[in-house]
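Right, one structure below, let's go through it.
Protein chains: 2
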Amino acid sequence: MHLLEKFQLQRLRFIRTIWFGLLSLGIMAQNEINQAEKPNFIIIFADDLGYGDLGSYGHPTIHTPNLDRMAMEGQKWTNFYVGASVCTPSRAALLTGRLPVRSGMASNKSRVLFPNSANGLPHEEITLAEQLKTVGYSTACVGKWHLGHKEEYLPPNHGFDYYYGIPYSNDMDLTRKLEGPTGYWDLWTKEYANLEISDFNVPLIRNTTIIERPADQRTITKRYTDESIQWITENREKPFFLYLAYNLPHVPLFASEEFMGTSKRGLYGDVVEEIDHNVGRIMRLLKNEGLADNTIVVFTSDNGPWIKTEISGGSAGLLRDGKGTTWEGGMREPCIFWSPGKITPKVVMELGTTMDLFSTFSKQAGAPMPTDREMDGVDLAPVLFDNEESPRSAVYYYRGRDLYAVRVGPYKAHFITQEVYVPNPKRVEHNPPLLYNLDVDPSERFDLSDEFPEIIAAIQEVVRKHNSKMRKAPDLLALKEKKK
Amino acid sequence: MHLLEKFQLQRLRFIRTIWFGLLSLGIMAQNEINQAEKPNFIIIFADDLGYGDLGSYGHPTIHTPNLDRMAMEGQKWTNFYVGASVCTPSRAALLTGRLPVRSGMASNKSRVLFPNSANGLPHEEITLAEQLKTVGYSTACVGKWHLGHKEEYLPPNHGFDYYYGIPYSNDMDLTRKLEGPTGYWDLWTKEYANLEISDFNVPLIRNTTIIERPADQRTITKRYTDESIQWITENREKPFFLYLAYNLPHVPLFASEEFMGTSKRGLYGDVVEEIDHNVGRIMRLLKNEGLADNTIVVFTSDNGPWIKTEISGGSAGLLRDGKGTTWEGGMREPCIFWSPGKITPKVVMELGTTMDLFSTFSKQAGAPMPTDREMDGVDLAPVLFDNEESPRSAVYYYRGRDLYAVRVGPYKAHFITQEVYVPNPKRVEHNPPLLYNLDVDPSERFDLSDEFPEIIAAIQEVVRKHNSKMRKAPDLLALKEKKK
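The listed protein sequences correspond, in order, to chains S and P. When we follow my numbering, the leftmost residue of the first sequence carries the number 20, and every step to the right adds one. When we follow my numbering, the leftmost residue of the second sequence carries the number 20, and every step to the right adds one.
Written as C-alpha cells, this is what we have:
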C-alpha cells in the first residue's frame, strides 16, 4: 500500500513534470489537459469552528477520530487563514479567490448578508465553480450559501449545477421575541437547550426552490452528507467539484438523535462530532469507490469561534480572541488537505489561505486564471505535492472594508484593533503598529514594535504595494430591501 | 502487522484473564508471575512542558513528529494530571504513588528543594524503583532527580541500580549576579539568548559521584538518551524500569548545535524538538531490538508551562494559567502511553494521574501493593488494555500543603485560588467554591456554583472522606542547611 502510494506519487510527479515542460514550450494549451487525469475537488467548510476544536488541534473533550485520521493521512496545516472573520465575506473570498472588499462582499455597516438584504455576490465575479465548469467539471454546492438569498444570486446562478442547502445563517429568520438588550445572547448562553426548530424560519432550498421551511436543523448535517454522497455517486464519470458547507457548529446548535448527548463537550461537542462522523462517511465513500486517489479534499471553516456565545461557541485553542476580530483566533483555522497517493502526509507550518484554493485547483484542473482582475490567491502545489515552501508570504486581515493587520512571514503588524459583539466596540489605531512574531508567540502576547522598527517598515512597504493595487468595490452588504 | 498486533493483544488478554482467574483462586501468589512475561517500563518525564506544547496537542509551530507518532500508535490522554504544579512535589508523587503532602515533599514555605536544602525524600517512602526491584526488575534513573541532592537521598539510595543526571533544577547554582527586583525574570525574558553554561554551576552525577560541573546543558538531552539506550541494551535480559527525566524545557534553555535555530518557535521550540527527536531514538531502539511489544512507555511532564518566563516558557493551550497554580494549566499535562501490541491506540478522555503509574505498573509486574500506608493511585489497566472506564473518579489539587481544588468527574471546585510568581501573590478563599464543568468548559471560564449547589455538596463530601484519611507528614522542604 505504502509502496503503491509512493509509486503513484512518483508517477504523478513525472506526469506533472512532463506537463509543465510541454506547457512551457507552448505545445499544449492549458485547458487541453486530459479529462481523465483531472482531479476531483471537495471543499468541506464548517461554520464558526475554532482553531482548537478538533482533537488533532488540541481539544481535550471533542472526539474527532475521522478528521484526526484525515490529518494523519494528509496534511495538517497550522497557519491557514480565511479571507474574513465573519461568514459572508469569508465565503466570498473562498469562492472568488479574491479579498471580499474587491467584490463588494465587505462592509463597515453590515457584517454579513441578512434575509432582508437587497444584494448578493455580483455576477461579474467568477466563482470557483464557474472557473472549473470551463474545463468540464460537474459542480455542486451543498449546505450554507450566504452570498445572496434571491434567486439570481443562488448557487445555480453562480456556476453550480446543483444546490441543496440554506441561503444564509441558521440563526436568521428568528421567530422568537427577544427582550432586553442582551436578548440575542441569552439565546445561546442561557436558553440554548430549549430552542426549537421552529424558532428559526430558515428555508431549505433545492436548486432555486424552497422545499422545507423551517429547515429541520436536527438532521441537516446528515442530509447534507446524504445529498453529497448521492451527487458524487451520480457524477463520478466527469471530474467534479463539491462545495460542502455545513451550517454548523454556528448557533443554534442542533444534533440528530443519534448524536444528542454523546459528547463530553456538551451540545457543541455533539454537533462537531456529528460533522466529524459525516466527514468520515465522505472519506469512506471515496476510498470504497476508488475515488480517493484522484480527489483532493480540503476541510476548514469560515472563521473562528463565536466566543461571545460562551459554551455554545467553540475554542481558538492557544490563539487570541475569535470570530469578528483580526486577532489570530478570528481568522486562523484548522485546515486539512487529504488526497491519498497525491498529497504527502505531514504537518505544514507554511502560510495558506482559502483564496489559494481557487489558484491551486485551477492549475490542477488546467483552467487558465482570469487575467482581467486582481486575484489574491497563490498556487499551493509546491507545498501540497513537492514538499517545498509556500509561495505565499503575506496575509491581509481586513475587517469590513478596512485593513486592520498584515502578516509578513512570521511577523504580524496590527494597525487597528477593535472589540466585537459589545455595544460601542472600542477601536484603537496603533502607531507604531503592534508587532508580534506569530511563530514564536502564536498567542500574540508580546508586542515587539519597540524592538523591530525595521520590520515594521518592511511590512509598511508591503502594505503600500498592496494598497496601490487595491480597487474596492462599492459596499453591497449594507443595502436592505424596502419593506412592502 | 495489524493482524499480528490484534492476535498478540488477544493472546495478552487471554493470559491476563487466566492470570486473574488463578489469582482470585489463591493458587498463585501475586509475585510469582513469570519473569519473561513481565513488561518493561519507561517513564519519560519532561520538565515544565505545557499541555499545548506538542503538535498532537495543538501547538502550531513546534514540530514533534516522534511524539505525534507515539500518540497515534498509542493512547493520547487528555485528562491526565500530575501530583503538584511544581517540580519536587510532582516528582515525589510520581515515584511514591502518593500525594506529596504525605511524604513531607510539600511545603508552604519553600516550593521545591534547593541546593542548600537539608532534606530529601525520606527513606520510609517506597519508590516505584524499590517496588519493582522486589520482583526482579533492573532500575535506572537518568536525568533530573530533585528529591534530595545529598548522597543519602540520591537515586542509588532510593531503589535505582543506576543514576546519571543532575540532582536539582537546571536553573539553580546560579553564578550570575542579579540586580533589581525583577533580576531573575530578566534572565528568561530579556537575556536568555546570552546565557552561558557556566552561569549555572549545576553538577552532573553518575551514581553518587560528580563527573562534570557545570553540566554541559547544551548536550544533556542527547547524553541522557545515549545513557538510556546503553543501559537498556545492557539490561534487556531482566525486566527493567527506566525513569528518564529530561531536565528541559525548564529554563535555562539550551539546545545542541544540531537543533539550535531549527524550530520556528525559537529556542523553546528547538529544545522541545530535540527532546522529541530523542524520544524517537528510544522508540526506534525498542522497535529494532524487539522490545516494543513488551515495554510500556509513558511520556508526560512534571507540571505546566512557566508562563512568567514569557517566550522562554511553554503554552498550556486552551487551559487556564500554568506552573505553580491549581488551575488546569498548572497540573494537566500531555500524556502518551505507548506499547505496540499491548495498548489499544485511541484518544483517552478518562481521568489519570502520575500517581496511578505506581499502582498500574505494580499490578503488571506482579508486585503486591504496600498495605501499611495510604496510596493515592489506581490501576489504570482497564483503560489501557480493556477499553473500559478509569477507576479514578477524583483529582486533588494541592498547592504546598493545602488542598486548593478537587475534581470529581467533570466538575472541579476551587476552594482557594492564588496568584503565583508575583510579589505578595493574592490568595482568595471561595465560599461557595468556584465550580467548573471541565469537559464542557476546559478553559475554566464559566463559574456554575450558583446553579449546582448539590454538586458542590457532593464534592464537599468527597473532600471530607479524603481529609479523614489524610495524614500529613512534617514539611521537609523548608529546612535549609546551616552555612559553614
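Built from N, CA and C at the ideal position, the CB exists for glycine as well.
Query: Proximal residues, the region 344-378 of chain P versus chain S, C-beta separation under 7 Å; Result: Val366, Met368
Query: Top-ranked residue by Cα proximity to S:Ile224, from S:Met279, S:Thr107, S:Val161, S:Leu197; Result: S:Val161
Query: Whether S:Arg446 touches S:Ile435 by CB criterion (9 Å); Result: yes
Query: CB contact check: S:Ala492 to chain P, cutoff 9 Å; Result: no
Query: Residues bridged to S:Ser320 [DSSP beta-bridge criterion]; Result: S:Ala65
Query: Member of S:Leu457, S:Val439, S:Val425, S:Gly116 whose CA lies at the smallest distance from the CA of S:Glu512; Result: The requested residue 512 of chain S does not occur in the structure, where chain S is confined to residues 20 to 503.
Query: Under 9 Å between C-beta atoms of S:Tyr440 and S:Gly349; Result: no
Query: Burial state of P:Arg117 (16 or more Cβ within 10 Å); Result: buried
Query: Contact with chain S by P:Ala497, beta-carbon distance below 9 Å; Result: no
Query: Positions along the region 275-302 of chain P whose CB lies within less than 7 Å of some CB in chain S; Result: Lys283, Arg284, Gly285
Query: Given S:Arg88 as reference, the closest of S:Ser122, S:Leu304, S:Gly336, S:Trp357 once Cα atoms are compared; Result: S:Trp357
Query: Close beta carbons around P:Asp289, own chain, < 7 Å, minus the five adjacent residues each side; Result: Ala274, Phe278, Met279, Gly280, Thr281, Ser282
Query: CA-to-CA distance, P:Ile248 to P:Glu293, given in whole angstroms; Result: 16 Å
Query: Contacts of S:Pro461 in chain A (Cβ-Cβ under 7 Å); Result: Among the protein chains of the structure shown, namely S and P, there is no chain A.
Query: Euclidean distance between Cα positions of S:Pro324 and P:Thr314; Result: 41 Å
Query: Alpha-carbon spacing of P:Ala125 relative to S:Pro451, whole angstroms; Result: 48 Å
Query: DSSP-derived helix/strand/coil call for S:Tyr287; Result: helix
Query: Within-9 Å CB hit, P:Met89 to chain S; Result: no
Query: Top-ranked residue by Cα proximity to P:Leu193, from P:Asp218, P:Gly184, P:Met489; Result: P:Asp218
Query: CB contact below 9 Å: P:Ala335 versus chain S; Result: yes
Query: Beta-carbon gap between P:Tyr70 and P:Glu407 smaller than 9 Å; Result: no
Query: P:Leu41 (DSSP reduced to helix, strand or coil); Result: Here P:Leu41 scores only 42 on pLDDT, less than 50, and its place in the model should not be relied on; the value that follows carries that caveat. Helix at P:Leu41.
Query: Rounded separation between P:Gly371 and P:Gln150 - CA only; Result: 20 Å
Query: Beta-carbon neighbours of P:Asn98, restricted to chain S and to distances below 7 Å; Result: Pro79
Query: Below-9 Å beta-carbon distance, P:Leu457 vs any chain S residue; Result: yes
Query: 8 Å contact criterion, which S:His165 and S:Val131 should meet: CB distance rounded; Result: 7 Å
Query: Any 3 or more C-beta pairs closer than 8 Å across the region 382-398 of chain P and the region 153-160 of chain P; Result: yes
Query: Beta-ladder partner(s) of P:Glu352, from DSSP; Result: P:Phe99
Query: Enclosing beta strand (DSSP E) for P:Lys431 [first to last residue]; Result: 430-437
Query: Test: P:Glu329 CB closer than 9 Å to a CB of chain S; Result: yes
Query: Length of the line joining the Cα atoms of S:Asn98 and S:Tyr430; Result: 12 Å
Query: Chain P contacts from the region 425-449 of chain S (Cβ-Cβ distance under 8 Å); Result: Pro429
Query: Short-range partners of chain S found in the region 463-475 of chain P, where Cβ spacing is below 8 Å; Result: Arg464, Phe465
Query: Spatial distance of S:Gly336 from P:Glu256 (CA atoms); Result: 45 Å
Query: Contacts of S:Gly332 in chain P (Cβ-Cβ under 9 Å); Result: Correct list: empty, because the minimum Cβ distance to chain P is about 11 Å.
Query: 9 Å Cβ cutoff, S:Ser412 in contact with chain P; Result: no
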